[in-house]
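Chemist:
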Amino acid sequence: MTRHIRELHRQFPGIQISRTRGGHLVATVGTSRVFLAATPSDHRAIHNIAAMIRRAERGLNP
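Residue numbers for the sequence shown follow this note's numbering, so the first one is 1187 and each next one is one higher.
This is the structure:
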């Protein structure tokens, strides 16, 4: 488990993160799914992922 995934689990304890057949990651938040890159490309990626998960928790479409 990478450092970024551990950070997301700590920030959002109710999410499930799994790997797709294509190698990407999918975070399941309630009934919503947020697809993530397996290797974040820049320093803002983890912040952008956290924002997408927060929107999914509130029920907003990204």
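Backbone N, C-alpha and C define an ideal beta-carbon position, used for all residues, glycine too.
Keep in mind it's a predicted model, so treat the numbers as computed, not measured.
How should residue 1223 be labelled, buried or exposed, when 16 other C-beta atoms within 10 angstroms of its C-beta is the threshold for buried?
Modeler: Translated into positions along the sequence shown, residue 1223 becomes position 37. Classification for residue 1223: exposed.
Chemist: Along the chain, where does the beta strand (DSSP E) containing residue 1213 start, and where does it finish?
Modeler: Counted from its first residue, the sequence shown places residue 1213 at position 27. Taken as a continuous stretch (DSSP letters only), the beta strand (DSSP E) holding residue 1213 covers 1211 to 1215.
Chemist: To the nearest whole angstrom, what separates the beta carbons of residue 1212 and residue 1204, a pair I think is in contact under 8 angstroms?
Modeler: Position 26 of the sequence shown, counting from 1, holds the residue named residue 1212. Position 18 of the sequence shown, counting from 1, holds the residue named residue 1204. Contact holds; Cβ gap of about 6 angstroms.
Chemist: Considering just the uninterrupted stretch of the beta strand (DSSP E) at residue 1240, what are its terminal residues?
Modeler: Within the sequence shown, numbered from 1, the residue matching residue 1240 stands at position 54. Per DSSP, residue 1240 belongs to no beta strand (DSSP E); it is in the alpha helix (DSSP H), 1231 to 1244.
Chemist: Can you grab the Cα-Cα spacing for the pair residue 1233 / residue 1190, in whole Å?
Modeler: Against the sequence shown, residue 1233 aligns to sequence position 47. Against the sequence shown, residue 1190 aligns to sequence position 4. Taking the straight line joining both Cα atoms gives about 10 angstroms.
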